[in-house]
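Below is one structure, written out as structure tokens, with a few remarks after it.
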Amino acid sequence: MMQFKLFFRKEMLEMGRSYKWLWVPLVFLMLGVMQPVMMRFMPEILKSAGNMPKGMTITMAPPSGAEVLAQTLGQYSSIGILILVLSVMTMISGERQSGVSQMIFAKPVSYVSYAAAKWASMLSLVTASFALGYGGAWYYTVQMIGTVEAGAVVKAGLFYLLWLWFAGALTLLVSSLLDSAPGIAFVSLGAALLLSVASGWLPRYTVYSPGSLPQISAQWLEPAGEAKGAVGAALLCLACIFIFFAAAVYRMKFRNPKG
Numbered sequence: 516m517m518q519f520k521l522f523f524r525k526e527m528l529e530m531g532r533s534y535k536w537l538w539v540p541l542v543f544l545m546l547g548v549m550q551p552v553m554m555r556f557m558p559e560i561l562k563s564a565g566n567m568p569k570g571m572t573i574t575m576a577p578p579s580g581a582e583v584l585a586q587t588l589g590q591y592s593s594i595g596i597l598i599l600v601l602s603v604m605t606m607i608s609g610e611r612q613s614g615v616s617q618m619i620f621a622k623p624v625s626y627v628s629y630a631a632a633k634w635a636s637m638l639s640l641v642t643a644s645f646a647l648g649y650g651g652a653w654y655y656t657v658q659m660i661g662t663v664e665a666g667a668v669v670k671a672g673l674f675y676l677l678w679l680w681f682a683g684a685l686t687l688l689v690s691s692l693l694d695s696a697p698g699i700a701f702v703s704l705g706a707a708l709l710l711s712v713a714s715g716w717l718p719r720y721t722v723y724s725p726g727s728l729p730q731i732s733a734q735w736l737e738p739a740g741e742a743k744g745a746v747g748a749a750l751l752c753l754a755c756i757f758i759f760f761a762a763a764v765y766r767m768k769f770r771n772p773k774g
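Using my numbering, the first residue of the sequence shown is number 516, and each one after it goes up by one.
Have a look at this one:
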């Protein structure tokens, strides 16, 4: 437990020194606030855009608050996942390439404590960043668009946070397998995109897939407020995160054997 605390403190300090605790939450906040603000002023933006025939008017049905929040989650599905992968992709491979991990494992250090600190710091960064961005989106949606049922907002946010945890855990696993930063980003983003696309194209066969969590989150915001396979997808997602962790620990043991 003492080793985990030391490693966790080290990871949090390094995130602070690299300004990840500044720019990652700010990007998530910007993505969250941007959608309700843009939807609120979209008619004025189109009106001032020009290049439209004289006398032509554009009428847009105002979106509901739930629709705006669902669109915000869509922003996180693209740019948010990219920012997440870029921020954590070298947490393991970077120390391996610089020789830091070899120095660490030359001492009587627990592989589990080392990996657990990486996972815990990643989950802390992801959770704090998403909570800030999603909370900002909810606040500005209520102020500019309309109210959204609090229970639906919380459920949608929790299930989407699970998807972000999955993407972060997958990235750390790939970081333990590969050395190239571009390769880690390509494999992690490609796998996450493939799972998400497969869940949209083959919903019958991927109802419990972690890739269906973004769609499940959006379904919680719909008027019906029900999402098929939500519990199964959440449990499978948590199981995958644990498997990714165990696989990363085994890989680190294999690449850094102790005499």
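Where a beta carbon is used, it is the ideal one built from N, C-alpha and C, also for glycine. It should be emphasised that the depicted structure is a prediction, and the values quoted were computed from it without experimental measurement.
Nearest-angstrom beta carbon gap, Ile699 and Leu693 [assumed within contact, 8 angstroms]: Translated into the one-based positions of the sequence shown, residue 693 becomes position 178. Translated into the one-based positions of the sequence shown, residue 699 becomes position 184. About 5 angstroms; that satisfies the 8 angstroms criterion.
Cα-Cα separation between Ile756 and Leu685, rounded to whole angstroms: For the purposes of this step, residue 756 is taken as the residue at position 241 of the sequence shown. For the purposes of this step, residue 685 is taken as the residue at position 170 of the sequence shown. Cα to Cα, the separation comes out at about 7 angstroms.
Reference Val702; option with closest CA among Gly651, Ala682, Gly715: Working through the sequence shown from its first residue, we reach residue 702 at position 187. For Val702, the nearest C-alpha among the options comes from Ala682.
Contact under 9 angstroms by Cβ, Ala667 with Trp735: As a working note, residue 667 is residue 152 in the sequence shown. As a working note, residue 735 is residue 220 in the sequence shown. For Ala667 and Trp735, yes; Cβs fall inside 9 angstroms.
Expected contact under 8 angstroms - CB spacing of Ser724 and Ala748 to nearest Å: If you number the sequence shown from 1, residue 724 lands on position 209. If you number the sequence shown from 1, residue 748 lands on position 233. Right, their Cβ atoms sit about 7 angstroms apart.
Beta-carbon proximity list for Gly580, same chain, < 7 angstroms, skipping 5 on both sides: Position 65 of the sequence shown holds residue 580. Closer than 7 angstroms at Cβ, skipping near neighbours: Thr656, Val657, Ile660, Gly661, Thr662, Val663.
Where Pro729 falls, given that 16 or more other Cβ within 10 Å makes a residue buried: Working through the sequence shown from its first residue, we reach residue 729 at position 214. So Pro729 ends up on the buried side.
Closest by C-alpha distance to Val542, when choosing among Ala742, Ala643, Glu526, Phe522: Counting from 1 along the sequence shown, the entry for residue 542 is found at position 27. Val542 has its Cα closest to that of Ala643, out of Ala742, Ala643, Glu526, Phe522.
Three-way DSSP call (helix, strand, coil) for Thr721 in this model: Residue 721 sits at position 206 when you count from the first residue of the sequence shown. Thr721: coil per DSSP, three-state reduction.
Assigned exposure category for Ala630 - 16 Cβ within 10 Å defines buried: Within the sequence shown, numbered from 1, the residue matching residue 630 stands at position 115. With 16 or more Cβ atoms within 10 Å of its Cβ, Ala630 is classed as buried.
Buried versus exposed, by CB contacts within 10 Å (16 or more), Met530: Here residue 530 refers to the residue found at position 15 when the sequence shown is read from its first residue. Met530 comes out buried.
Segment contact, 8 angstroms Cβ cut-off, at least three pairs: the region 607-624 with the region 544-555: no
Among Arg555, Phe620, Leu584, Gly547, the one whose alpha carbon lies nearest that of Arg770: Taking the sequence shown and counting its residues from 1, one reaches residue 770 at position 255. If we check each option's Cα against that of Arg770, Phe620 comes out closest.
Under 9 angstroms between C-beta atoms of Leu679 and Tyr591: If you number the sequence shown from 1, residue 679 lands on position 164. If you number the sequence shown from 1, residue 591 lands on position 76. Yes. Within cutoff.
Minimum C-alpha distance to Leu750 - residue among Ser727, Leu544, Tyr765, Ala733: Sequence index remark: in the sequence shown, residue 750 carries index 235 (1-based). Cα-wise, what sits closest to Leu750 is Ser727.
Bounding residues of the alpha helix (DSSP H) (the contiguous stretch that carries Pro623): As a first step, residue 623 must be located in the sequence shown, where it is residue number 108. Unbroken run through Pro623: none, as it is neither H nor E.
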